[in-house]
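Just below is one structure, and these are the notes that go with it.
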Amino acid sequence: MNSVPSSGHSPSTSSGSQSNARELELLRQVATGDRAAFKELYLMYHRRLARFLMRMTSRHDLIEEVINDTLWTVWLKAGDFRGDSLVSTWIVGITYRRALKALRRHGTARPMLAEEVAVAPDVQAENENRQWLGQALAELPLEQRMVMEFSYLMGHSCEEIAQIMQCPVNTVKTRMFHAREKLRRSLPRLAGANK
Amino acid sequence: MTHSDHTGPLGAHGECWNLLPWIANESAAARDVARVEAHLHSCRECQEELEFQRRLRNAIRSEEAVVLAPQTSLQKLMQRIDTVEDIDDAPYHGASPRAGRAGCRSLRLSRAS
Numbered sequence: 696m697n698s699v700p701s702s703g704h705s706p707s708t709s710s711g712s713q714s715n716a717r718e719l720e721l722l723r724q725v726a727t728g729d730r731a732a733f734k735e736l737y738l739m740y741h742r743r744l745a746r747f748l749m750r751m752t753s754r755h756d757l758i759e760e761v762i763n764d765t766l767w768t769v770w771l772k773a774g775d776f777r778g779d780s781l782v783s784t785w786i787v788g789i790t791y792r793r794a795l796k797a798l799r800r801h802g803t804a805r806p807m808l809a810e811e812v813a814v815a816p817d818v819q820a821e822n823e824n825r826q827w828l829g830q831a832l833a834e835l836p837l838e839q840r841m842v843m844e845f846s847y848l849m850g851h852s853c854e855e856i857a858q859i860m861q862c863p864v865n866t867v868k869t870r871m872f873h874a875r876e877k878l879r880r881s882l883p884r885l886a887g888a889n890k
Numbered sequence: 002m003t004h005s006d007h008t009g010p011l012g013a014h015g016e017c018w019n020l021l022p023w024i025a026n027e028s029a030a031a032r033d034v035a036r037v038e039a040h041l042h043s044c045r046e047c048q049e050e051l052e053f054q055r056r057l058r059n060a061i062r063s064e065e066a067v068v069l070a071p072q073t074s075l076q077k078l079m080q081r082i083d084t085v086e087d088i089d090d091a092p093y094h095g096a097s098p099r100a101g102r103a104g105c106r107s108l109r110l111s112r113a114s
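Chain order of the listed sequences is A and B. FYI, the numbering for the first sequence is 696 to 890, going by the working numbering. FYI, the numbering for the second sequence is 2 to 114, going by the working numbering.
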C-alpha cells in the first residue's frame with residue numbers, strides 16, 4: 696500500500712512558504728536596485744534553470760542566453776511582480792517563454808539526446824536506464840515533455856504549470872496523461888520494475 | 002479498467018489517476034492528497050501507477066546534467082546592467098529614484114524584447 700506524503704513543495708507547505716517568502720523579499724530588494732539581492736537571486740536560480748534548459752537544448756550558449764535574458768527581465772520587472780503566483784512560478788514562466796523564442800530563433804528546438812547528458816559512469820545498468828529515459832523523454836512532443844519536466848525536475852504543481860505555460864489546468868492534465876501513457880510504453884522496465 | 006481507452010478523468014478513479022503525478026512530486030493540495038489517499042486503499046492499479054510515477058520522478062531528478070558555472074554568466078549580466086545604466090542613468094538621480102528606475106526599466110525592457 697502506498698502512503699501519500701502530506702508535505703511537499705506546494706505553496707501551502709511551510710518549506711514552500713518560507714522559500715517563497717525569502718524570494719519575495721529578495722525580489723522587493725531587487726525592485727529598489729539592490730544588486731546584492733539580485734546576485735543572490737541569480738545564484739539561487741541559475742542551477743535549476745540550467746538543469747531545466749539542458750533538457751530543451753544542448754547548446755550552452757543558448758542556455759546562458761536564456762538564463763541571462765530571464766534574470767535581466769527579473770531585474771527590470773521586479774517592481775511589477777504582484778504576487779499572483781509564487782516567485783518561482785513567475786521566473787520559470789519567463790524562462791519557458793524565453794527558451795521557446797530562443798529555440799525558434801536559432802532553429803534548434805530539439806531535445807537533448809541521452810548521450811549528451813553527463814552521467815555517472817560507474818554503474819552500467821543505471822547508465823542504460825538513464826539513456827532509455829533520456830531517449831523516451833526526447834521522443835515526447837515538446838509540450839508533453841515540458842509538463843513532465845516541470846513536474847518532476849522542477850517540482851511544480853499542476854496549477855503552477857498552467858500558469859507557467861499559460862494554458863488551462865485541464866490542458867496540463869491532458870498533456871501529462873499522454874506523456875505518462877507514452878512513457879509507460881517506452882519504459883517497460885521502469886514501469887514494471889516492482890512487478 | 003485500463004487507461005489507454007480514454008484521455009480524461011472518468012469518475013473518482015479517473016480523477017485520482019490524473020492527480021497521481023502531483024502526488025508523486027508532493028505538490029498536490031491537501032484536499033487532493035486526502036482524496037487520492039482514500040482511493041488508493043481500494044485501487045491496486047492506482048497504487049502501481051503511483052509507484053511508477055515516483056520511480057519516474059526519481060529517475061528524472063537523478064539525472065545530473067552538466068551544470069554551467071554561474072559566476073561567469075552572472076558577471077556578463079552585471080556588465081550588461083552596468084552598460085545600460087551608464088547610458089541613461091539620469092532617472093536614478095532624480096527626486097524619485099524608484100519611479101525613475103521603473104520608467105527606465107520599462108523602456109529598457111521594450112528595447113530588450
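Just so you know, even glycine gets a beta-carbon here, dropped at the ideal spot from N, CA and C.
Could you tell me whether the Cβ atoms of V725 (chain A) and W770 (chain A) are closer together than 8 Å? yes
Can you give the Cα-Cα distance for E50 (chain B) and A25 (chain B), rounded to whole angstroms? 10 Å
Through-space distance from M749 (chain A) to N869 (chain A), alpha-carbon basis: According to the sequence provided, residue 869 (chain A) is Thr. The question's Asn does not apply to it. Cα to Cα, the separation comes out at about 24 Å.
Measuring only between beta-carbons, confirm whether M751 (chain A) sits less than 8 Å from chain B. no
Quick one, which of A:L757, A:I758 and A:R746 has its alpha-carbon nearest S63 (chain B)'s? A:R746
Rounded to whole angstroms, what is the Cα-Cα separation between N715 (chain A) and R723 (chain A)? 12 Å
Cβ neighbour criterion (16 or more within 10 Å) applied to G12 (chain B): exposed
According to DSSP, is P883 (chain A) helix, strand or coil? helix
Can you find at least 3 beta carbon pairs, one from the region 781-798 of chain A and one from the region 835-852 of chain A, that sit closer than 8 Å? yes
Looking at C-alpha atoms only, which residue of A:R875, A:E844, A:R879 and A:F872 is the closest neighbour of M860 (chain A)? A:E844
Under 8 Å between C-beta atoms of L781 (chain A) and E855 (chain A): yes
Using the C-alpha atoms, what's the distance from L721 (chain A) back to L20 (chain B)? 33 Å
Inter-residue Cα distance where the pair is T768 (chain A) and S43 (chain B): 49 Å
Starting from I762 (chain A), find everything on chain B with Cβ-Cβ shorter than 7 Å and list it in chain order. S74
Mind checking whether L736 (chain A) and E759 (chain A) have CB atoms under 8 Å apart? no
Go to N26 (chain B), then tell me how far its alpha helix (DSSP H) extends in each direction, as first and last residue. No alpha helix (DSSP H) contains N26 (chain B), which DSSP labels as neither H nor E.
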